[in-house]
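Each residue of the sequence shown is one higher than the one before, counting from 2 in the numbering used here. Using N, Cα and C, we set each Cβ at its ideal position, and we do this for glycine too.
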Amino acid sequence: MNVDKQLFSLINATKVLTSTRDLDEVLHLLIKEVLSVFNWADVSILFLWDSHNKHLKAKSSVGFDMDYLDKLTLQANEGMSGKAFSLEKAQLYKSSDDTSQGMSNVTKKNFQLYKKALKNKKTFPTSAISAPLMKKDECFGVLTIDSYSNSIEFTEDNLMLLQTFANQAMIAIENATLLSQNDRSNRIHNELTKIYMSHQGLTGITRTLSSLINNQICVCDEFFNLLSYTYDSAKEIVEELRKKEPLMVGELFSETNLAYRTISLNDSYYDISLFAINIENETTGVLMVINDKNEVLDSLDIFAVEQATTVFALELQSRNQYISNHFNYEGYLMKGIINNPEKGVSILKSKRFYKENNQYMILKIEIVNELTEFKEIHATKQSFSRLLYNYLSMFQYRSLVYEDSMEYSILFLINKKVYEEEIHRSVYVMLEEIKKRSKLSILAGMGRCFIEMSEINSSINDSNKCVEFMKMIDVEHDFMSYKELGAYRLLLNIEPKELDNFLEIKLQTVLDYDLKQKADLVNTLELYLYFNQNIRKTAEKMYLHENTIKYRINKVKKIMGITEFNGDITFEINLALKTRTFLNRSFLFK
C-alpha cells in the first residue's frame, strides 16, 4: 500500500474510532481498524497496563484465540510489546531473527499461552512493529501488529504510521473512558437514589451496589455484626476478619476512611476493601467489598462505594434511632412498673409481655469510665446502648431496659423454671462479651429473683447495692449477685462511723500490733477462720510452716484475751473482718 492510501486509510480508521462512545467497542474497533490500515499484516493485539497488578493485560486481538490470550500477562520489558512499553518508544522488528530475539525473555507460561493462541501460525512472526499508547509522558498500553509472510517486511515509515495510529487511538480511548465514566457515575447516583427512596433497606442497597460494581458486598455494624451481605461465605469472612482485627470497627479507621485486608479461608485468598460508614464523624459501620486476590477496584467502583456509604449511613442512622426509641419506650414501661408495682402485671399483659408462671430478675449495669466532655459521653452511651440492644435481642430471656444517664436497669422476664445460678451464669457470659466488645469498664449487679411484681423494688435495691459495694471495694470481678454480697448487704445500711467503732472494739488491738511489729496476724486470722480453723490449709495458702501459723494464732488469742474461737466470738471476729474489708483498709482476696 502506498503512503497516500495508508494516510487515507488512517483517516477513515480514526473516524471509525471516534464514531462510538462505548469503551469496549472502541477497543474492539481499534484492533480491527489497525489491520485495515496495515492490510498486509496477519494479526494485531492490544495490551493495556494493569497498574494494580503491575503487568500488561491483553484486551483485544485479531488473529489470536482470546481464550488463551486472556490468560497471558506481560511484565514491563517482557517480549516485544513489553519492551515498547518500558522504553515508551515504538519498536521495529524486521526479521524472524529480530522477533525471536524480541521474545527471548518471555516466560515459559506466557510463551505456551502465546503458541496456543496463534491458531496454527508460525511460532515467530517474520516481521512486527509495536507502538506505545502514550498520554502526557505516561504509557497506558501497547499496540502490536505481526506478519507471518516471508514477502512482508515492516519499515520505519510503517513504524511512524503505527505510532500515529496509536496516538489517535489513545485519544479515542480517553474520550470513550471519560464518557463511559460520566454515564456510569450518573447511573450509580440514580440507582442508589432510587433504591433508597424505595425504602428497600440494607438488603436492597447491598444488592444494588453489588450489581453496580460487580463485586460481593457485606455490611457490618460498629461491632462487626453482619447486617447485610450478597456472598454466601460472608459470615465466615467476617468472623475471620474479627479474629485479626480490633473488636470495634472505628479502630480500623483512626486516620482514614479506607482500609485493606487479605483473608485466607478454605485455601482461598480474598482481598477485602473496608470503607467506613460514618454518622456525624462517628464510625458506626463498615462496608466491605470482597475481591478475589489481586483484583482491584477502579476509580468508579470506589466512587460507587463512597456514594453508597452515605446511603448506608442514612439506613444505619434510622436503625440507631429505632434502638434509641425502643429503649425509650421500654424505659417508659419500666418506670410505670417501678412506680406502681401493683399495676406491673397489667402493664406487661397490655403489651403482651406477660406469661403465666413468669419469674423476674433485675440487672443493674453502670459504665464507670471517666469521661468529661459531653460529646464523648453522649457518643459512648449511644454506642454502648446499640451494643447492649444487640446482645439483649439475642439473649434467651426477654427483657425491658430503663436507661438513666450511664446506668441501665434491665428487667428479665423468665418464662421457664430455672435456678438463679443458671440465670447468673448466662448473664455473666453475656456481660463478659459486652465488656470485651465495648472496651469499657462496667459494673453489674444482679438482684434477687422474684415472682410477685410487688418485689421489684427490692430486687432493684439488691442490684444497686451490688454495684455500690464494688465501687467502694477494690475487687477484681465486676459482676456480683445479691447472694454473693452476703453480709455486706447489712454493712451498706450502717453509718461508716458506727462501723469504725465496731472495728475498733473487736479488732483494733491486733491491727495495732501488726502495724507496730510489721507482722501479719490479721491476714493469718482471716484465712484461718476462712478455712474453718484448719492449720494445714492456712499454712499451704500462705506458704508457711504449720508451726508458724500456730504461733500466730496463739499470739492473736493472747492479744485479744481469749482462749478459743467459739461460735459467738468467731461470728463477731468474722463480722469485724468483713467490716475491715468493707471499709477498704485492706483486702486479702485479690
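DSSP places Glu89 in the coil class of the three-state scheme, outside both helix and strand.
Judged by pairs of C-beta atoms under 8 Å, the segment 442-462 touches the segment 357-367, as three or more such pairs exist. Where Gly487 is concerned, there is no enclosing beta strand (DSSP E), because DSSP gives it neither an H nor an E. For the options Pro126, Leu88, Glu89 and Lys120, the alpha carbon positioned closest to that of Ser96 is the one of Pro126. Here Leu210 is not bridged, per DSSP, to any residue.
Where Gly142 is concerned, the enclosing beta strand (DSSP E) starts and stops at Glu139 to Ser148. Here the segment 432-439 makes no contact with the segment 322-342; the two share fewer than three CB pairs at distances below 8 Å. Our two residues, Val107 and Leu119, have alpha carbons roughly 15 Å apart in a direct line. Phe276: member of the beta strand (DSSP E) spanning Ser269 to Ile280, first to last residue. Taking 8 Å as the upper bound for CB-CB distance, Ile153 and Val44 are not in contact here, some 12 Å apart.
Going by DSSP, Phe413 is part of no alpha helix (DSSP H) but of the beta strand (DSSP E) stretching over Glu408 to Ile415.
Of the residues assessed, Ser255 falls on the exposed side of the cut-off, its CB having fewer than 16 other CB atoms within 10 angstroms.
Looking from the CA of Leu349, the closest CA among Ile303, Arg320, Phe413 and Lys551 belongs to Phe413. In the assembly as shown, Val402 is a buried residue. Its beta-carbon has 16 or more other beta-carbons within 10 Å. DSSP places Arg399 in the strand class (E or B) of the three-state scheme.
In the three-state reduction of the DSSP assignment, Gly562 falls in the coil class, being assigned neither a helical nor a strand state. Between the segment 204-216 and the segment 167-175 there are fewer than three C-beta pairs closer than 8 Å, too few to call the two in contact. The DSSP assignment places 128-136 and 139-148 as complete runs of the beta strand (DSSP E) inside the segment 97-170, in order along the chain (cut-off: 3 residues).
Spatial neighbours of Leu545 in its own chain (CB-CB distance under 7 Å, excluding positions within 5 residues in sequence) are not present. Membership of Glu223 in any beta strand (DSSP E) is not indicated, and neither H nor E is assigned to it by DSSP. Comparing alpha carbon positions, the residue from Met481, Phe155 and Lys440 closest to Phe224 is Lys440. If the five residues before and after Asn40 are omitted, its C-beta is found closer than 6 Å to no C-beta atom of its own chain. The shortest CA-to-CA distance from Glu157 to any of Ile563, Leu93, Ser229 and Asp233 is the one to Leu93. Taking all protein chains shown into account, Tyr197 has 16 or more neighbouring C-beta atoms within 10 Å of its C-beta and is therefore buried. Counting other Cβ atoms within 10 Å of its Cβ, Phe65 reaches 16 or more and is therefore classed as buried. Residues Leu401 and Val402 of the same chain have their beta carbon placed closer than 6 Å to that of Glu331, with the five preceding and five following residues left out of the count. Ile278 sits away from Ile238, with the two beta carbons spaced by 8 Å or more. Under the three-state reduction of DSSP, Arg262 is assigned to strand. For Ser255, the three-state secondary structure derived from DSSP is coil. Annotated as distal: Tyr398 and Phe328, with beta-carbon spacing of 8 Å or more. The continuous beta strand (DSSP E) containing Asp51 extends over residues Val44 to Asp51.
Of the residues assessed, Pro497 falls on the exposed side of the cut-off, its CB having fewer than 16 other CB atoms within 10 angstroms. Less than 8 Å separates the beta-carbon of Leu75 from that of Gly83. Per DSSP, reduced to three states, the secondary structure at Tyr514 is helical.
Collapsing the DSSP output to three states places Phe39 in coil. If you check the CB distance, Leu213 and Ala305 come in under 8 Å.
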